[in-house]
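As you go down the protein sequences, you meet chains A and B in turn.
Residues 244 to 779 (my numbering) make up the first sequence, in order.
Residues -7 to 394 (my numbering) make up the second sequence, in order.
Where a beta carbon is used, it is the ideal one built from N, C-alpha and C, also for glycine.
For reference, the structure discussed in these notes is given below.
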Amino acid sequence: MIKNQTIKVVIIIAVLIFFLFGIFGIPQSFTPAGLLAAMQQRIHLGLDLKGGTHLILQVQVNDAINADSNRAVERLKDDLKSKNILYGEIVQPDQQNHPEIINVNGVSPQSIADFRSLVADRLPDYDLTSGANNSFTLIMRPSVVKDTKTKAQQQAIETIRNRIDQLGVSEPVIQEHGLGDYQILVQLPGVDDPARVKEIMQSTAMLEIRQAIGGPYNSEQEAMQANGGILPANAVLLKGKNIGGSNSQESYWVVTRASAVSGNDLRTADAGRDENGRPDVKFTLTGEGGRRFYAFTSAHVGERLAVVLDNKVMEVATIQEAIRDEGRITGTFTEQQTQDLSLTLRSGALPAGIKYLEERTVGPSLGADSIRAGVRAAIFGMVAVMVFMLIYYKFAGINADLGLFLNLVILLGFLGFTSATLTLPGIAGVILTIGMGVDSNVLIFERIREELRHGKTPPQAVDQGFKHAWITIVDTHVTTIVSAIILFLFGTGPVRGFAVTLSFGLAANLFTSVFVSRVIFDSILSRHQRGEALSI
Amino acid sequence: MEFFRNSNIDFLGKKWYFLAFSLIFSIAGLLSIFFWHGIPFGVDFKGGTLVYVKFANTPDLKAIRTDMDRAGLKDPKIQRYGETYNNEVLVALEQRETSEAALDQGKNTIIKALQAGEQQQSGKMDLNNTGPSSIQQYLVSKDPLHLGGIDASARYLVVAQQIDDFRNKQRGGVLRSVDELKGVAPPEVVSAMEQDFYTSNFAVRNVEIVGPQVGGQLRKQALWATLYSLGGMLVYLWFRFELIYGVGAVVACFHDTIITIGFFSLLNRDITLTVIAAILTLIGYSMNDTIVVYDRIRENIKLLRRDKLSDVVNKSINQTLSRTILTSGLTFLTVLSLYVFGGEVLRGFSLALVIGILIGTYSSIAVAAPMLVAYQEWRASKTGRATLPAASAPRQKVKAKA
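Okay, here's the thing in structure tokens:
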């Protein structure tokens, strides 16, 4: 019995030391300031306590599908031409909502077999169905659509992470946001300047090189007139970026809809200066992109290409000779602009546009105020409870108070070990844990008192009290843990922080109120004289 | 020291009073939800724009309202926030004023309107509403230290962060003049900034903008989380006791939730994400309380086989009364300290818990336990057989282990 008891005490002390290590690690010094610093290193504070910027973005994944379909249309046109298959027209009937659908009208009847085998061969991602009058509909396979969308989201996360990394923010969170489809959560501790963050992030930097068909024109009307009032089906009208020196003059260009190469094909981009000392950006392409660029430039020598950044024509140059994998963007840039531009290019392009759904900024001073208020409330609540327990249960109250203290140590230690984040609702969870911790003690003590009233001896009463209360404690804890787990699964952000501290607290509570408390009672009883009353 | 020794209160005899009490509160809440304030969803669920502004001096709400009207904002909510000495004001825009395409448009309009309300400093930037990376960007382009070279942006970032830290930690977010930076940043930087910056008498401390789409998703998520957690607990109780115990406990929790939300509606206090967390907590808490009573009933049913169920229930409630009052009292104490000392951000959360703990304690005695008796009487009247809803099988095993 005594030996058993010693082992239990050793276990408790080991747990205490273990979780103290969880809170503080091995501190540099044991002064209060040193301990506080050590603790701040181990326990991560949430954005609501530390201050920072929180954004939720929607990736407009249809953009990525649309880009794929555009490419498919171009490829189909080329292939049909080279195989001499005649057709009426190829269109995407609803680019906005159903970019995965392509219609082909008026395929010549004698070529239908060729057309079918060509589509099956060259566009395996699309299902082909035939309609009336030799028209066909190509629909991207659902699995491919889903895959493309998921990839677009992942690439967007990567791209944003790269850009944010280069801003030098410590501990940023950039991850999938589970609530809606294709949403991204961005949390930047210590940044209270969302406008600048968005500037870096939102500059989609969709770099493309396309063929310039006509321009520059001074206005949209002029561009339309020059093309007989209607643009070629494979072309779009884009604004130019003040080309030709006259700054205030706007310019317009007619360029192809499909791009020869895009930001995905980019390997590097660096800010530099051209031979006249003007800031510019030099870029190199990947092998595959280089091959395509070579094919494009060699097919169009003497014609013009347009460097398009975010649907704006940055530069138009005549193709003097076939270029393999290097190029340059020049223009009227400042040095800061070329640096930002090369940074965005280097980070890779966003495959799809993004839209902001939620923006929260917490000023750092507000977070500090919240910590103070929360800690003050926690300490006050805890002291009040402890004092009450001492008065009400006398000696056994010490038992409960020790349990409460150990409970808090274990809870904070858990947070330190798992590097879970402490949020403001998390502090509230700590306070609630104090309340529930007391409940277990009260349940046990009241039961012991009841058994004593029924005339049992102190050891019997303690034994029976724990036995009966144990069942209730298990039931109450399991139900609360069930609801905490559900909160964690279905909740987001601060609510999750609350669920985490609550679950840890409940687990700690089971240990302290049932195991630790029992050990203390037993050690008191072992020193008891027979017939002496229990102080409870 | 001991309260409630050997109490013997006939709780079930008062069931009509309980019923009346519960009905009055539920119906008052429901009336408010359906005919008065509705469910006062906060910005998290409804979408909208909240901007918390700290002023250097006592803010003049009338002047702020005039500024907002001039900027064309439709009926923004403008109110003092937090402790008076903090000089903080909350400006809130409805969801329809929050544009889907440009989410932060409302925020920018508010800031511009406030800046316009002061003496104009044309061409200068407002230092109090410029973040560190924008300051860095300014310094890099201006280059007052003539660094020119490669690591200029890193070095100016350090300076910008020093300025930001000083503003937030030493001056509570609002500087009164650019002069205050002397001694914080290099003199060349300060003199350059004096040329291009002025200080308005306010700073934006906190911003919450939620687009309508997210609001709807969150609302749905909160509802499902609540229903799932009730369902999860019902299943657990079914497994541990009997179905009717689970039903009784879930009805009691439902009762608590409706009354708490009803209170928020009556008081027209915003229901935010953290309030939902509090409601889920109180569901867990109320369940906790109910289980303690149920556990005693289950135990007593076996000990007192001859007694009427209503007597057994009464006895059980009385036996656990001391514990119920103590625990509730102590938890109430911690929650009350949260409400009083926890600061403005936690006020909604702690209010929900303050109400919830009172109601939750009440409901386990006045709703959950009488339901067992009502169920048994209903079954007896239907089948003429008075069986006790006892659940003894799994319990025996647990006991033997413990």
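Which chain B residues sit within Cβ distance under 7 Å of residue i?
i: GLN579(A); result: VAL132 and SER133
i: PHE623(A); result: SER329 and PHE333
i: ASP435(A); result: GLY123
i: ASN612(A); result: At residue 612(A) the sequence reads Asp, which differs from the Asn that was named. Near ASP612(A) (Cβ distances below 7 Å), the residues of chain B are GLY335.
Could you work out which residues of chain A lie near residue i, taking near to mean beta carbons separated by less than 7 Å?
i: LEU322(B); result: VAL628, PHE631, GLY678 and VAL681
i: SER314(B); result: GLU689
Excluding the 5 residues preceding and the 5 following residue i in the sequence, name in chain order all residues of the same chain whose CB lies nearer than 8 Å to its CB.
i: LEU749(A); result: THR676, MET679, HIS720, THR723, ILE724 and ALA727
i: PHE(-5)(B); result: SER314, ILE317 and LEU318
i: VAL652(A); result: LEU259, PHE262, LEU263 and ILE266
i: PHE246(B); result: LEU222
DSSP state of residue i, grouped into three classes?
i: MET(-7)(B); result: coil
i: PHE657(A); result: helix
i: ILE256(A); result: helix
i: ASP370(A); result: strand
i: GLN580(A); result: helix
i: ARG339(B); result: helix
i: THR50(B); result: coil
i: TYR460(A); result: strand
i: HIS297(A); result: strand
i: LYS699(A); result: coil
i: VAL346(A); result: What sits at residue 346(A) in the sequence shown is Asn, not Val. DSSP places ASN346(A) in strand when its eight states are reduced to three.
i: PHE273(A); result: coil
i: ILE763(A); result: helix
i: LEU149(B); result: helix
i: LYS116(B); result: coil
i: ASP357(A); result: helix
i: VAL81(B); result: strand
i: GLN71(B); result: strand
With a CB to CB cut of under 7 Å and the five nearest residues on each side skipped, what residues in its chain are close to residue i?
i: LYS99(B); result: THR41, VAL43, VAL199 and ILE201
i: ASN292(B); result: VAL304, LYS307 and SER308
i: GLU369(B); result: none
i: PRO336(A); result: ILE344 and ASN346
i: THR391(A); result: ALA307, ILE308 and ASP311
Could you pull out every residue in the same chain whose Cβ sits closer than 6 Å to the Cβ of residue i, ignoring the five residues on either side in sequence?
i: PHE747(A); result: LEU654 and PHE657
i: GLY532(A); result: VAL504 and ASP508
i: ASP568(A); result: THR527, LEU528 and GLY533
So which residues of chain A does residue i contact, with C-beta pairs closer than 9 Å?
i: TYR228(B); result: ASP718, VAL721, THR722 and VAL725
i: ASP188(B); result: Here the premise fails: no neighbours, minimum Cβ distance about 16 Å.
i: ASP96(B); result: PRO437, ALA438, LYS441, TYR599 and GLU602
Since residue i meets chain B, which of its residues come closer than 9 Å, beta carbon to beta carbon?
i: TYR635(A); result: MET(-7), GLU(-6), PHE(-5) and LEU318
i: PRO668(A); result: LEU265, THR266, ALA269, ALA270, LEU338 and PHE341
Note down, in chain order, every chain C residue with its Cβ under 7 Å from the Cβ of residue i.
i: ALA620(A); result: Absent from the structure: chain C. Protein chains present are A and B.
Going along chain B, which residues have a C-beta under 8 Å from residue i?
i: ARG439(A); result: GLY123, SER125, SER126 and GLN129
i: PRO367(A); result: Per Cβ cutoff of 8 Å: no residues; PRO367(A) is ~35 Å from chain B at best.
i: ALA276(A); result: Within 8 Å Cβ-Cβ: nothing; ALA276(A) doesn't reach chain B, min ~17 Å.
i: THR527(A); result: Going along chain B, no residue has its Cβ under 8 Å from THR527(A), so there is no contact; the nearest lies around 21 Å.
Check the DSSP bridge columns for residue i and list the partner residues they point to.
i: PRO124(B); result: Beta-bridge pairing links PRO124(B) to no other residue.
i: MET383(A); result: TYR369(A)
i: VAL498(A); result: ALA455(A) and VAL479(A)
i: ILE417(A); result: VAL429(A)
i: SER133(B); result: According to DSSP, SER133(B) bridges with nothing at all.
i: GLY397(B); result: A query on residue 397(B) cannot be resolved here, the shown segment of chain B reaching from -7 to 394 and no further.
i: VAL334(A); result: ASN346(A)
i: ALA310(A); result: Note: ALA310(A) sits in no beta bridge, so no partner.
i: ILE572(A); result: VAL524(A)
i: LEU552(A); result: LEU450(A) and LYS555(A)
I want to verify the contact list: residues of chain A whose CB lies under 8 Å from the CB of residue i, in sequence order.
i: SER221(B); result: VAL725, SER726, ILE729 and LEU730
i: ASN280(B); result: MET679, ASP682, THR719, THR722 and THR723
May I ask whether a heavy atom of the ligand ZN can be found less than 6 Å away from the beta carbon of residue i?
i: ILE16(B); result: Here there are no bound small molecules, and the ligand ZN is not part of this structure.
Self-check item: Validate contact between the stretch 32 to 51 of chain B and the stretch 78 to 87 of chain B using beta carbons, cut 8 Å, 3 pairs
Solution: The count of Cβ pairs closer than 8 Å, one atom from the stretch 32 to 51 of chain B and one from the stretch 78 to 87 of chain B, reaches three, so the stretches are in contact.
Practice problem: Count the C-beta pairs between the stretch 344 to 356 of chain B and the stretch 265 to 274 of chain B that are closer than 8 Å, then say yes if the count reaches three, no if not. | Solution: Yes, since at least three Cβ pairs between the stretch 344 to 356 of chain B and the stretch 265 to 274 of chain B fall closer than 8 Å, the two stretches touch.
Quiz item: Counting pairs of Cβ atoms below 8 Å between the stretch 27 to 42 of chain B and the stretch 181 to 200 of chain B, do you hit three or more?
Solution: They touch, by the three-pair rule.
Quiz item: Is the stretch 200 to 215 of chain B touching the stretch 228 to 235 of chain B, taking contact as three or more C-beta pairs under 8 Å?
Solution: Counting C-beta pairs closer than 8 Å gives fewer than three between the stretch 200 to 215 of chain B and the stretch 228 to 235 of chain B, which falls short of the contact rule.
Self-check item: the stretch 170 to 186 of chain B in contact with the stretch 148 to 162 of chain B per 3-pair CB rule at 8 Å
Solution: The answer is yes - the stretch 148 to 162 of chain B touches the stretch 170 to 186 of chain B, with three or more Cβ pairs under 8 Å.
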